[in-house]
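Working notes, structure below.
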Amino acid sequence: MTLQQCDAPLSDRSHRTPSTSWALLVLSATQLMVILDGTIVNVALPTIRTDLGFSDTGLSWVVNAFFVVFAVLLLPAGRLGDLVGRRRVFLAGLALFTVASVACGLATGPTWLLTARAVQGAGGALTSAVVLGMIAGLYVEDAARARAFALLAFVGAAGASIGVVAGGVLTDLVSWRWVFWVNVPLGAVVLVVGALVLARDSAPGLGAGLAASKALVPSTLLRSRAFLLPNVVLFTMTTAGFSFQFLTALYLQDTLRLDALHTGLAYLPVTLAIAVTSLGLSGRLASRSGPARVLVVGLLLFVVGMLMMAALPDHGAYAVHVAPGFVVMGAGFGLAMPQVTALAMAAAPGDHAGAASGFVGTTQQVGGAVGLAVVALVAVHLGRAGGFLVAAAALAVGTAVAGYLATGTATRATSSRANVR
Numbered sequence: 136m137t138l139q140q141c142d143a144p145l146s147d148r149s150h151r152t153p154s155t156s157w158a159l160l161v162l163s164a165t166q167l168m169v170i171l172d173g174t175i176v177n178v179a180l181p182t183i184r185t186d187l188g189f190s191d192t193g194l195s196w197v198v199n200a201f202f203v204v205f206a207v208l209l210l211p212a213g214r215l216g217d218l219v220g221r222r223r224v225f226l227a228g229l230a231l232f233t234v235a236s237v238a239c240g241l242a243t244g245p246t247w248l249l250t251a252r253a254v255q256g257a258g259g260a261l262t263s264a265v266v267l268g269m270i271a272g273l274y275v276e277d278a279a280r281a282r283a284f285a286l287l288a289f290v291g292a293a294g295a296s297i298g299v300v301a302g303g304v305l306t307d308l309v310s311w312r313w314v315f316w317v318n319v320p321l322g323a324v325v326l327v328v329g330a331l332v333l334a335r336d337s338a339p340g341l342g343a344g345l346a347a348s349k350a351l352v353p354s355t356l357l358r359s360r361a362f363l364l365p366n367v368v369l370f371t372m373t374t375a376g377f378s379f380q381f382l383t384a385l386y387l388q389d390t391l392r393l394d395a396l397h398t399g400l401a402y403l404p405v406t407l408a409i410a411v412t413s414l415g416l417s418g419r420l421a422s423r424s425g426p427a428r429v430l431v432v433g434l435l436l437f438v439v440g441m442l443m444m445a446a447l448p449d450h451g452a453y454a455v456h457v458a459p460g461f462v463v464m465g466a467g468f469g470l471a472m473p474q475v476t477a478l479a480m481a482a483a484p485g486d487h488a489g490a491a492s493g494f495v496g497t498t499q500q501v502g503g504a505v506g507l508a509v510v511a512l513v514a515v516h517l518g519r520a521g522g523f524l525v526a527a528a529a530l531a532v533g534t535a536v537a538g539y540l541a542t543g544t545a546t547r548a549t550s551s552r553a554n555v556r
């Protein structure tokens, strides 16, 4: 099934075809590239500073130039996908991202690299903003769509861990430039395959769409509790997730004295737990008990994992004190993430899928950035445990909202709209 068939009658698109699988592979591989790019560069920063002459202040913008542009453009990129076609925006973003990766690896000074990183962020935003909407359009069955979102959740978690390890290996064995050039062959292959398997989707056109509504987020989405409440939950999840990565990385390196490579490897229990629960359990449980109930269970495990992190001792051992909490946290995230995404996207009308996808992506970025800023400030004044407890408290709020969703009050409206569509 190709994206061109998304407007076909339900009876015509109730079965999965090889084209659907290829399309999902393309979309997932692109997300992996973008996520990798967000973490793979961190380990290479000291070498980049030496080779290109960055100041300590300017060096942070090797990371920030990507993420600031990425976050700012997610909403307009998603809306653009609704107006001119999500396939067109996706492929344009992928091409831009790949070309910018070449430019990053060729950089001879700070200005060159920061400019190329900003362009990378723009390309990443164009692709990521429409991915959720495109995946939602590939499937009509809730269970199949949930499995696809589970794969995307796993790709996100795995990509973050792989990026840290790959950054250390490439910098040590080859050159920091390959931290960026590794995107090029993958991007070229995915671009070609994507052009073949992602068919054109219908769109009103930029002029007609803007004449109808100049809003980045359609009012239909802003009035929908069934759409907004999963985004509230997602906000708290990314607050906790970013805080978890930040605080545990400091603990592993500053307290347990692990180097960058072994720090990346230390996150493998999290990745494996997410793989097992997101790919193996989340969808099956949701088909039996409903996505909102599975979301609540996952969030409860997530909260428990964060509380276990808050109890980490100053002289702990990885296997005894860290790994168990990593597994619990990963299991909770793996159960919850596919379902919160599925709930949000199920509440979005098909013609606003791009805007909804961009909104969900923006929620993740803002939740991560704002939440991490608050948690990091708390950790400075109250210690690591205080930071974990604040993140767990935010996640507890998300759990309460998910509990409300599980009552069916908000989701019944979604089901009614889905039946109408």
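Residues are numbered in this note's numbering as their position in the sequence shown, beginning at 1, plus a constant of 135. All C-beta atoms, glycine included, are put in the ideal place defined by N, C-alpha and C. This one's a predicted model, so the numbers in the text were calculated from it and none came from an experiment.
query: Counting pairs of beta carbons, one from the region 487-494 and one from the region 388-405, are three or more of them closer than 8 Å?; result: no
query: Quick one: what does DSSP say Trp157 is sitting in, helix, strand or coil?; result: helix
query: Can you name, in chain order, every residue of its own chain whose Cβ lies under 6 Å from the Cβ of Trp316, other than the five neighbours on each side?; result: Gly240
query: Report, in whole angstroms, the separation of the C-beta atoms of Ala158 and Ala212, which I expect to be a contact under 8 Å.; result: Ala158 to Ala212, Cβ: 19 Å. No contact.
query: Whole-angstrom Cβ separation of Met472 and Phe523, contact assumed at under 8 Å?; result: The Cβ separation is near 20 Å, so there is no contact.
query: How long is the line joining the alpha carbons of Val243 and Leu321, rounded to whole angstroms?; result: What sits at residue 243 in the sequence shown is Thr, not Val. Rounded to the nearest angstrom, the two C-alpha atoms are 24 Å apart.
query: Between the alpha carbons of Gly216 and Phe225, how many angstroms are there, rounded?; result: 8 Å
query: Please report the straight-line C-alpha distance between Trp247 and Val368, rounded to a whole angstrom.; result: 39 Å
query: If you draw a straight line from the alpha carbon of Leu436 to that of Leu267, how long is it in whole angstroms?; result: 25 Å
query: Where do the N-terminal and C-terminal ends of the alpha helix (DSSP H) with Tyr539 fall, by residue?; result: 519-541
query: Whole angstroms is fine: what's the gap from Asp172's alpha carbon to Leu194's?; result: 16 Å
query: Specify whether the region 440-458 and the region 495-508 touch according to this definition: at least 3 beta carbon pairs, one from each stretch, less than 8 Å apart.; result: no
query: Near Leu478, what residues of its chain come up, given a Cβ to Cβ distance below 6 Å and the 5 sequence neighbours on each side ignored?; result: Pro365, Pro426
query: Tell me whether the beta-carbon of Trp311 lies closer than 9 Å to the beta-carbon of Thr182.; result: yes
query: One question on the structure: do Arg428 and Ala541 come within less than 9 Å of each other, judged by their Cβ atoms?; result: yes
query: What did DSSP end up calling Trp196 once you bin it into helix, strand or coil?; result: helix
query: Less than 6 Å between C-beta atoms, sequence neighbours within five positions excluded: which residues of the same chain meet that for Val439?; result: Val463
query: Rounded C-beta distance between Gly465 and Thr406? I'm assuming under 8 Å.; result: 7 Å
query: Starting from Trp247 and walking both ways along the alpha helix (DSSP H), at which residues does that stretch end?; result: 245-273
query: On the DSSP letters alone, give me the boundaries of the alpha helix (DSSP H) that Arg222 sits inside.; result: 221-240
query: Mapping the DSSP letters down to three states, classify Val309 as helix, strand or coil.; result: coil
query: With distances taken between CB atoms, is the gap from Ser413 to Ala288 smaller than 9 Å?; result: yes
query: Any chance you could list the alpha helix (DSSP H) runs of at least 4 consecutive residues sitting entirely within the region 360-448, in chain order?; result: 360-385, 395-401, 403-409, 418-424, 426-445
query: Excluding the five sequence neighbours on either side, which residues of its own chain have a C-beta within less than 6 Å of the C-beta of Ala538, listed in chain order?; result: Here the sequence assigns Gly to residue 538, which means Ala is not the residue at that position. Contacts found: Val431.
query: How many angstroms separate the CA atom of Leu273 from the CA atom of Arg280?; result: 8 Å
query: Check the C-beta distance from Val197 over to Arg252 and give it rounded, since I have them as a contact under 8 Å.; result: 6 Å
query: Between which residues of its own chain and Ala238 is the CB-CB distance below 6 Å, once the five residues before and five after are set aside?; result: Ala251
query: Please classify Gly496 as buried or exposed, where buried requires at least 16 other C-beta atoms within 10 Å of its C-beta.; result: buried
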